[in-house]
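**Q**
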Amino acid sequence: MAIKLSHSRAMNLHSQYPGVLDLKLRAQRRIPHFVWEYLDSATGQEHTKDRNRAKLDEILFAPSILHGEFEPDLSTSFLGHAFPLPVGISPLGMSGLIWPDAERLLAAAGKRLGLPYSLSTVATQTPETVAPCLGEHGWFQMYPPRDPEIRMDMLNRAKAAGFRTLVLTVDVPVASRRERQVRSGLTTPPSLTPRLLAQVATCPAWALGTLRHGMPRMRLIDEYAENLTGLSSTAHAGYLLRTSPDWEYLQWLRDNWDGPLLVKGVLRAEDAPKLEQAGVDAIWISNHAGRQFDASLSSIEALPAIRAATSLPLIFDSGVEGGLDILRALALGADFVMLGRAFHYALGAIGAQGPDHLADILAKDMAANMGQIGARSIADLKGALLT
Ligand SMILES: Cc1cc2nc3c(=O)[nH]c(=O)nc-3n(C[C@H](O)[C@H](O)[C@H](O)COP(=O)(O)O)c2cc1C
């Protein structure tokens, strides 16, 4: 994959940060602890988060021998577009809290790399402020507003800002408790207590960036909240604006959005044909990285049955930590794989060029493992699993 970093800089980064774990460890040192807890925590005792990892590790391949020399083709086409890698950036709320200006940095990285970038409804930037950085593959993730006028306005704004694909997230019917996050002292919006300020003081790059870009807040939600109620705080606004959608709501969205519509947070096979009937363009299998429900099956466990239940394209996320995990999901029938936290580790570790380095790690890791498996292309992965 053609990465725009100079060769020597790229080699240097690979010797310093050969894998996602190296990015994670450095990011953890450069991000204040309460922010790290927001990024890294799941809900309950984090069994679902652990299960995502454990079940990915159980997916094994049969290595191939005597297949000769080849350079694997990592490219794919998805929803009518060609991509250099079957990889994109998942939406993260308050992304700009995790690393200053993260939304615009990630949108710009998506543009450079030719990969999809998803902007969350509860990001610290609005569709308009991200628009100048956005490439061809901007996906807008919607937490569904209750108010029909706000709903329509959000769709129009996303479209006008250049987001061609709409993602409806359906695995947050209620707020989750995220006890570890509460323990860290993080509130919504963040209020800088002396305890939190002491953590900020140990992370100068984060602190300076945050000073430069302003205190992170949910700008899009704030704008609507101010107009609707005069509230300037996101404390209540999020729940005032977002609802738990039903099938009728989905139909309304389908009728009012003329681009690709994706539904994110699907784990049950029986929902797949219904989504297909509702006119959805792709299904996004995800358990929100274990942040919503601590008795959930892992995303990778859900994938085979959903693959069998629908011919719709499938997106996979939750717990992907390297190229090998991407191959695992593709081999089980996913068409595209998204990563959320890993792209934020990359920003936290290296800054603006971090996502490019992460994409390079993923590409190299995919290629090395495809060499072991004897898979010349993504299509070859399907028959390579150990059964
Ligand atoms: C800090 C954080 C915030 C998130 N915010 C959102 C969000 O606003 N909307 C959404 O659809 N998913 C959200 N997610 C879930 C991600 O989009 C994605 O499904 C998940 O992070 C993928 O797992 P990974 O981080 O292991 O790659 C969030 C995840 C994290 C870690």
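For the sequence shown, the residue numbers in the numbering used here are 1292 to 1678.
Backbone N, C-alpha and C fix where the C-beta goes; we use that ideal spot for every residue, glycine too.
What you are looking at is a predicted structure, and each value in this text was computed from that prediction instead of being measured.
Mind checking Arg1503: buried by the 16 CB within 10 Å criterion, or exposed?
**A** Result: exposed.
**Q** Buried or exposed for Ala1670, going by 16 or more other Cβ atoms inside 10 Å?
**A** Exposed, because fewer than 16 other Cβ atoms sit within 10 Å of the Cβ of Ala1670.
**Q** Once DSSP output is grouped into helix, strand and coil, what is the label at Asp1647?
**A** Asp1647 falls in the helix class under three-state DSSP.
**Q** Is it the case that the Cβ atoms of Met1657 and Gly1379 are separated by a distance below 7 Å?
**A** For Met1657 and Gly1379, no; Cβs fall outside 7 Å.
**Q** Helix, strand or coil for Ala1573 per DSSP?
**A** Residue state, collapsed to three classes: strand.
**Q** Indicate whether Ser1409 and Trp1430 have their beta-carbon atoms separated by less than 7 Å.
**A** Taking 7 Å as the Cβ cut-off, Ser1409 and Trp1430 qualify as a contacting pair.
**Q** Quick one: what does DSSP say Met1292 is sitting in, helix, strand or coil?
**A** Low local confidence applies: a pLDDT of 49 at Met1292 is under 50, so the model's placement there is unreliable, and no value is given.
**Q** Evaluate the contact criterion for the region 1416-1424 versus the region 1383-1403: three or more CB pairs, one atom per stretch, below 8 Å.
**A** Contact between the region 1416-1424 and the region 1383-1403 is present, because at least three Cβ pairs lie under 8 Å.
**Q** Using beta-carbon positions only, say whether Ala1323 and Val1557 come within less than 7 Å of one another.
**A** Before going on, a small fix: residue 1323 reads as Pro here, not Ala. Not in contact: Pro1323 and Val1557 (Cβ atoms no closer than 7 Å).
**Q** Helix or strand or just coil, what does DSSP make of Leu1615?
**A** DSSP places Leu1615 in helix when its eight states are reduced to three.
**Q** If you reduce the DSSP assignment to three classes, tell me which class Leu1676 lands in.
**A** Three-state result, Leu1676: strand.
**Q** For Gln1432, report the span of its beta strand (DSSP E) as first-last.
**A** Here the beta strand (DSSP E) through Gln1432 covers 1429-1433.
**Q** Nearest by alpha-carbon distance to Ala1498: which of Leu1312, Leu1621, Pro1391 is it?
**A** For the residues Leu1312, Leu1621, Pro1391, the minimum Cα distance to Ala1498 belongs to Pro1391.
**Q** Just to confirm my understanding: we take Gln1583, look at its own chain, exclude 5 residues before and 5 after, and list those with CB closer than 7 Å. What are they?
**A** Answer for Gln1583: Thr1334, Asp1462, Val1463, Ser1467, listed in chain order.
**Q** Which whole runs of the beta strand (DSSP E) in the region 1315-1394 are 3 residues long or more, in chain order?
**A** Qualifying beta strand (DSSP E) stretches, in chain order: 1367-1369, 1372-1374, 1378-1380.
**Q** Regarding Ser1587 and ligand 1, is the C-beta to nearest heavy atom distance less than 6 Å?
**A** Outside the cutoff, so no.
**Q** Starting from Ile1441 and walking both ways along the alpha helix (DSSP H), at which residues does that stretch end?
**A** Note, Ile1441: alpha helix (DSSP H), 1439-1451.
**Q** What distance in whole Å lies between the Cβ atoms of Lys1315 and Tyr1636, which are believed to be in contact at a cut-off of 8 Å?
**A** That pair is a contact at about 4 Å.
**Q** Applying the 10 Å Cβ sphere with the 16-neighbour rule, what's the burial state of Lys1673?
**A** Exposed, because fewer than 16 other Cβ atoms sit within 10 Å of the Cβ of Lys1673.
**Q** Buried or exposed: where does Glu1328 fall if 16 or more other Cβ atoms within 10 Å of its Cβ makes it buried?
**A** So Glu1328 counts as buried.
**Q** In whole angstroms, what is the alpha-carbon distance linking Ser1475 and Trp1548?
**A** Approximately 39 Å, taken between the alpha carbons.
**Q** Nearer than 6 Å: is that true of the beta carbon of Ser1475 relative to any heavy atom of ligand 1?
**A** No, the Cβ of Ser1475 stays beyond 6 Å of every heavy atom of ligand 1.
**Q** Kindly indicate the opening and closing residues of the beta strand (DSSP E) around Val1473.
**A** No beta strand (DSSP E) holds Val1473; the alpha helix (DSSP H) holding it covers 1470-1474.
**Q** From Glu1360 to Thr1367, what distance separates their C-alpha atoms?
**A** Cα to Cα, Glu1360 sits roughly 21 Å from Thr1367.
**Q** For Ser1602 and Gln1568, I'd like the C-alpha separation in whole angstroms.
**A** One C-alpha to the other measures close to 11 Å.
**Q** Quick check on Arg1503: does DSSP put it in helix, strand or coil?
**A** It is helical.
**Q** On the DSSP bridge assignment, give the partners of Thr1460 in chain order.
**A** Per DSSP, Lys1555.
**Q** In the DSSP output, what is Met1629 paired with across the bridge?
**A** Answer is Gly1379, bridged to Met1629.
**Q** Since Ile1591 is in the alpha helix (DSSP H), which residue starts that stretch and which ends it?
**A** Per DSSP, Ile1591 belongs to the alpha helix (DSSP H) from 1590-1600.
**Q** Going by C-alpha to C-alpha distance, which of Val1458, Leu1446, Leu1477, Leu1357 sits closest to Leu1388?
**A** With distances taken between Cα atoms, Leu1388 lies closest to Leu1477.
**Q** Considering only residues of the same chain and omitting the five flanking positions on each side of Asn1660, which have a CB-CB separation below 7 Å?
**A** Cβ neighbours of Asn1660 beyond the five flanking positions: Gly1614, Leu1615, Leu1618.
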